[in-house]
Amino acid sequence: MMQIGVLGGGTMGSGIAQVAAQNGHKVVLVDLNKDVLHNSKVKLAKIMARLVEKERINEEHSNEAQSNIVYSQEINDFKNCEIVIEAIVENIDIKTKVFKQLESATPKECILASNTSSLSIASIGAALENPEKIIGVHFFNPAPLMPLVEIIPAVQTSEKTLETTKALIDSWGKVTVVCKDTPGFIVNRVARPFYGEALRIYEEGIADFATIDWAMTSLGGFRMGPFTLMDYIGNDVNYTVTETVFKSFYYDPRYKPSFTQKRHAEAGYLGRKSGRGFFDYAEEATNPKPIEDPIIGKKIKDRILMMLINEAVDAVFLNIGSKKAIDLAMTKGVNYPKGLLAWADEIGLETVLENLDSMFHEYGEDRYRPSPLMRRMVLNNEKFFS
Ligand code: NAI
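Structure follows, in structure tokens:
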């Protein structure tokens with residue numbers, strides 16, 4: 000059993016430590032802040048008690064998992080670890096400094112992994128003397144519940160680092176997908192139009208928030224509509240992710256952020272956490288009801304879905320991940336009702352291409368340009384999965 004180190008005991012670090020401990024590993028969880036460590040321990044005890052109560056696990060498993068974690072403020076306690084997973088603040092200067100320290104505090108062979116959502120793994124690895132042991136492992140929140148983990152080898156990563164890391168996380172019962180070290184990896188890249196196109200439809204005055212959400216849930220089968228989801232994630236956080244992806248892609252217009260979301264964030268309408276976002280969460284609040292017109296609803300659903308499919312196809316085109324990885328990422332990382340490529344097969348790629356071409360001609364914006372792979376596949380009468 001590998002000994003696991005986790006650096007950062009916040010939301011993600013605590014969740015990752017729990018997963019490793021429940022899978023029988025000895026875990027060292029390090030955070031600079033003593034209170035954070037205390038809270039993490041108390042929270043785990045509560046979670047375990049609830050799982051025992053619901054008879055998902057027995058008392059023995061609960062005790063073992065809890066005793067598997069050692070809490071520490073001292074990074075030298077990683078001295079016997081075979082892998083350390085970092086989940087501290089999302090800041091490249093801090094991360095590179097910390098990775099240098101991690102390299103000195105751990106054995107030579109120890110794999111150093113980052114849970115970053117937006118920084119390049121190559122840039123973090125550049126801080127190391129032996130950068131072949133850097134890798135990205137991107138968990139989703141909450142880590143114990145969400146099955147997906149994106150595994151991101153950087154240009155410097157060795158085959159051995161990739162194999163060992165993937166085998167370890169697979170052994171935790173997670174669904175792993177290997178993806179290229181590019182902005183947003185798979186999920187945060189392919190999901191952009193779910194928010195961006197919904198905001199654009201609203202800005203064009205085609206429908207209000209409630210109607211767009213209704214179209215995506217009732218007609219599209221998504222668990223949450225885009226505006227409810229943005230309110231849940233937080234408009235500040237979601238806007239920042241979009242802006243980071245947009246900048247990282249050298250201002251590709253497909254990822255352009257929306258003023259509507261920016262203004263909501265600026266106004267403090269952050270979503271659930273501030274009591275108001277696109278919707279009002281005050282107890283006495285009444286939110287507008289959707290206008291359930293099936294024709295408009297279908298148009299909205301189709302437009303967002305075509306944009307999502309285009310993004311998934313382009314990710315295949317640019318080898319961001321395999322076809323299977325890209326479909327798994329969206330179903331297991333963000334609960335999409337179907338993989339976007341399988342969905343494209345079902346609708347027919349020709350229909351998707353016609354829809355995108357028609358928007359591209361109408362708007363004359365690069366945002367709507369179909370992926371070259373889609374055009375090529377339609378010409379050759381190909382499907383993603385036979
Ligand atoms: P958080 O703010 O809940 O936790 C970060 C923790 O790191 C804090 O407890 C802080 O005390 C500690 N810390 C900061 N600098 C440190 C250092 N030098 N040494 C030791 N501990 C230090 O943050 P969260 O949300 O857990 O995010 C952590 C990382 O995971 C970030 O890189 C974030 O982008 C990424 N991530 C976050 C997701 C989310 O939904 N929150 C999802 C996937 C990735």
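In numbering that gives the first Met the number 0, the protein residues as written are 0 to 385. Note that the Cβ used here is the ideal one computed from N, Cα and C, for glycine as well.
Those residues which DSSP pairs with residue i across a bridge
{"i": "Y70", "result": "L28"}
{"i": "E149", "result": "H137, V176"}
{"i": "I83", "result": "Residue identity differs from the one stated: residue 83 is Val in this sequence, not Ile. V83 pairs with G4, L111."}
{"i": "G270", "result": "R275"}
C-beta contact flag for residue i and residue j at 7 Å
{"i": "I185", "j": "A328", "result": "yes"}
{"i": "M215", "j": "G224", "result": "yes"}
{"i": "L372", "j": "G296", "result": "no"}
{"i": "I74", "j": "V29", "result": "yes"}
{"i": "L348", "j": "M306", "result": "no"}
{"i": "V51", "j": "E58", "result": "yes"}
{"i": "I211", "j": "I299", "result": "yes"}
{"i": "Q2", "j": "E102", "result": "no"}
{"i": "T105", "j": "K132", "result": "no"}
{"i": "A86", "j": "G172", "result": "no"}
{"i": "Y254", "j": "V244", "result": "yes"}
{"i": "G195", "j": "P336", "result": "no"}
{"i": "I294", "j": "V351", "result": "no"}
{"i": "I151", "j": "I200", "result": "no"}
{"i": "E242", "j": "P256", "result": "yes"}
{"i": "A314", "j": "V189", "result": "yes"}
{"i": "I303", "j": "A197", "result": "yes"}
{"i": "P141", "j": "G338", "result": "no"}
beta-carbon residue i near the ligand NAI non-hydrogen atom, thresh 6 Å
{"i": "S257", "result": "no"}
{"i": "S116", "result": "yes"}
{"i": "G233", "result": "no"}
{"i": "A86", "result": "yes"}
{"i": "M11", "result": "yes"}
{"i": "N390", "result": "Here the chain covers residues 0 to 385 and nothing more, so residue 390 does not appear."}
{"i": "N334", "result": "no"}
{"i": "N32", "result": "yes"}
{"i": "V97", "result": "yes"}
{"i": "V35", "result": "yes"}
{"i": "E89", "result": "yes"}
{"i": "N57", "result": "no"}
{"i": "N38", "result": "no"}
{"i": "N237", "result": "no"}
{"i": "N354", "result": "no"}
{"i": "N140", "result": "yes"}
{"i": "G172", "result": "no"}
{"i": "G4", "result": "no"}
{"i": "G403", "result": "What is shown of the chain runs 0 to 385, which leaves residue 403 out entirely."}
Residues of its chain near residue i, where Cβ-Cβ distance is below 8 Å and the 5 sequence neighbours each way are ignored
{"i": "K261", "result": "Y238"}
{"i": "I91", "result": "L118, S122, I123"}
{"i": "K246", "result": "none"}
{"i": "S268", "result": "Correcting the residue type first, residue 268 is Tyr in the shown sequence and not Ser. Counting only Cβ-Cβ distances below 8 Å, and skipping sequence neighbours, we find N234, R275, G276, F277."}
{"i": "V26", "result": "Q2, I3, G4, V5, A16, A19, A20, N67, I68, V69"}
{"i": "M0", "result": "G23, H24, K25"}
Same chain only: Cβ atoms within 6 Å of residue i, ignoring 5 sequence neighbours per side
{"i": "K179", "result": "I319"}
{"i": "Y280", "result": "R271, G274"}
{"i": "F383", "result": "K322, L340, D344"}
{"i": "G332", "result": "F139, L147, V186"}
{"i": "P130", "result": "G124, Q155"}
{"i": "V35", "result": "G8"}
{"i": "P289", "result": "A209, T210, W213"}
Residue i versus residue j: straight-line alpha-carbon distance, rounded
{"i": "K99", "j": "V83", "result": "13 Å"}
{"i": "D356", "j": "D365", "result": "11 Å"}
{"i": "I68", "j": "A16", "result": "7 Å"}
{"i": "I232", "j": "G276", "result": "10 Å"}
{"i": "E310", "j": "H37", "result": "42 Å"}
{"i": "W342", "j": "D326", "result": "9 Å"}
{"i": "D301", "j": "G183", "result": "24 Å"}
{"i": "L228", "j": "K107", "result": "43 Å"}
{"i": "L167", "j": "R49", "result": "27 Å"}
{"i": "N79", "j": "P143", "result": "24 Å"}
{"i": "A370", "j": "F226", "result": "The sequence shown places Ser at residue 370, not Ala. When rounded, the distance between both Cα atoms is 26 Å."}
{"i": "F316", "j": "F193", "result": "20 Å"}
{"i": "K42", "j": "M358", "result": "49 Å"}
{"i": "K165", "j": "S71", "result": "26 Å"}
{"i": "V88", "j": "I46", "result": "24 Å"}
{"i": "K53", "j": "Q65", "result": "18 Å"}
{"i": "T95", "j": "L31", "result": "16 Å"}
Contact set for residue i: own chain, Cβ-Cβ below 7 Å, skip 5 residues either direction
{"i": "A324", "result": "V176, V177, C178, I185"}
{"i": "N334", "result": "R222"}
{"i": "H263", "result": "N234, G276, F277"}
{"i": "F248", "result": "P182, Y254"}
Test: residue i CB closer than 7 Å to a CB of chain B
{"i": "G8", "result": "No chain B is present in this structure, which holds just one protein chain."}
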